[in-house]
Amino acid sequence: VNRFGVELKQILHAEQEYEIFATLLPGEEISYVTELSSVAEKRGKGATLAFLAFETDFVRVADGAKVASARSTMVYRELA
2 VNRFGVELKQ
12 ILHAEQEYEI
22 FATLLPGEEI
32 SYVTELSSVA
42 EKRGKGATLA
52 FLAFETDFVR
62 VADGAKVASA
72 RSTMVYRELA
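Residue 2 is where the sequence shown starts when you use the working numbering, and the numbers rise one by one after that.
Encoded structure:
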């Protein structure tokens, strides 16, 4: 259990995609910001599932150019 009270067996990595806007060179410094973009809940027979969508923007520090973005979905399963 981590500091959020979630066990690893409760999390499933559902999907991930990347969009690349620029070529990176070795040694370039990149920063990123990740935001929770949406949460959807689905109740099943055995458990409640929460689908959490995250979006991350990657920016080149030298010029502030957005070089990539990522979208990922994680599924959280409530333990009985």
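Beta carbons are placed, not taken as given, at the ideal position from N, Cα and C, and that holds for glycine.
Nearest to residue i (by Cα), restricted to the options the options
i     : options                    : result
ALA71 : GLU36, GLU29, LEU13        : GLU36
PHE55 : ALA15, LYS46, ILE12, SER73 : SER73
GLU29 : VAL76, GLY65, ALA51        : GLY65
Range of the contiguous beta strand (DSSP E) that encloses residue i
i     : result
VAL40 : 31–44
ARG61 : 49–61
Check whether residue i and residue j have beta carbons under 8 Å apart
i     : j     : result
TYR19 : ASP58 : no
ARG78 : GLN17 : no
VAL62 : ILE21 : no
VAL68 : LEU25 : yes
Per DSSP, cross-strand counterpart(s) of residue i
i     : result
GLU20 : SER70
ARG4  : Answer is none; ARG4 lacks a bridge partner.
LEU13 : VAL76
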